[in-house]
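Engineer: Got a structure for you, written out below as structure tokens; questions coming shortly.
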């Protein structure tokens, strides 16, 4: 069975701090996809990244970076120099090819000025 | 990028009435649409998957007679909550996906519909 675990329920940081959101997944598929979504208070899901199981290269996009490690089944997300606008709930998700998304329980990030 | 809309964005209805939520893919053909439900401070739970022209596949525990899903065209899916009750109050989110291909796989999410049943 597929499963996504986000052990951190809530994280609070002060602006400009770096913060890492953890994501651990379980799957028996050899081909799978991992995602991160941001859900601000408005409720609309914002797509951040998709990574397939054959690409373990880390990715950096501005202040965001992702660390994918198949050996530990983890796909962690780091925000560098956090800002108040980063406050949101962040979801990690997993799917197989052309399959449904399995979401983690989400991590609520609060960035205080 | 692909855009998915939902209508209405919020709705209040009385207990016992039915309410319909529309999900539209605006600039692509969605062969598959998904309906999710999200309670406050909880994760998204998949309710059902619908393929255009076919009956929806419901997840375990979701009442198909209560949550009617229609995916009659490649750009429109509807979710009808029948005989709504206060416990059906939730945030309903749809997503749409085109035909799987070597490069296209994304689910594009709508902005959600907040349903309050009084």
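Residue numbers (our numbering), protein chains in the order written: chain A, 580 to 692; chain B, 26 to 143. Each residue gets a CB set at the ideal place from its N, CA and C atoms; glycine is no exception. What you are looking at is a predicted structure, and each value in this text was computed from that prediction instead of being measured.
#1: I need the boundaries of the beta strand (DSSP E) containing residue 675 of chain A, first residue and last residue.
#2: Would you say the region 589-602 of chain A touches the region 675-692 of chain A, given that touching needs at least three Cβ pairs under 8 Å?
#3: Let me see if you follow: with CB-CB separation under 7 Å, is residue 684 of chain A close to chain B or not?
#4: Between residue 36 of chain B and residue 49 of chain B, which are expected to be in contact by the criterion C-beta below 8 Å, what is the C-beta distance as a whole number of angstroms?
#5: Beta-carbon separation of residue 690 of chain A and residue 594 of chain A under 7 Å?
#6: Is it true that the region 97-106 of chain B meets the region 39-46 of chain B, where meeting means three or more beta-carbon pairs spaced less than 8 Å apart?
#7: Nearest-angstrom Cα distance between residue 639 of chain A and residue 141 of chain B?
#8: Might you give, ordered along the chain, the residues of its own chain that have their beta carbon closer than 7 Å to the beta carbon of residue 654 of chain A, omitting 5 neighbours on each side?
#9: Assuming residue 689 of chain A is part of the beta strand (DSSP E), what are its boundary residues?
#10: Indicate whether at least one CB of chain B lies closer than 7 Å to the CB of residue 623 of chain A.
#11: If I'm right that residue 77 of chain B touches residue 98 of chain B with Cβ under 8 Å, what's the distance once you round it to whole angstroms?
#12: In the structure shown, what three-state DSSP assignment does residue 623 of chain A receive?
#13: Comparing alpha-carbon positions, which option in A:586, A:681, A:676 lies nearest residue 633 of chain A?
#14: Under 9 Å between beta-carbons, which chain A residues line up against residue 118 of chain B? List them in chain order, please.
#15: Is there a C-beta anywhere in chain A that falls below 7 Å from the one on residue 33 of chain B?
#16: Taking CB distances under 7 Å as the criterion, tell me whether residue 617 of chain A reaches chain B.
#17: Can you grab the Cα-Cα spacing for the pair residue 42 of chain B / residue 619 of chain A, in whole Å?
#18: For residue 28 of chain B, which three-state DSSP category applies?
#19: Select from B:101, B:38, B:121 the residue whose C-alpha is nearest the C-alpha of residue 113 of chain B.
#20: Below 9 Å between beta carbons is the criterion; list the residues of the region 663-684 of chain A that meet it against any residue of chain B, in chain order.
Structural biologist: Concretely, from the data shown:
#1: 667-675
#2: yes
#3: yes
#4: Not really, about 16 Å apart at Cβ, beyond 8 Å.
#5: yes
#6: yes
#7: 40 Å
#8: 602, 604, 613, 630, 645, 647, 671
#9: 686-691
#10: yes
#11: 7 Å
#12: coil
#13: A:676
#14: 622, 623, 624
#15: no
#16: no
#17: 31 Å
#18: coil
#19: B:38
#20: 668, 670, 672, 674, 676, 677, 679, 680, 681, 682, 683, 684
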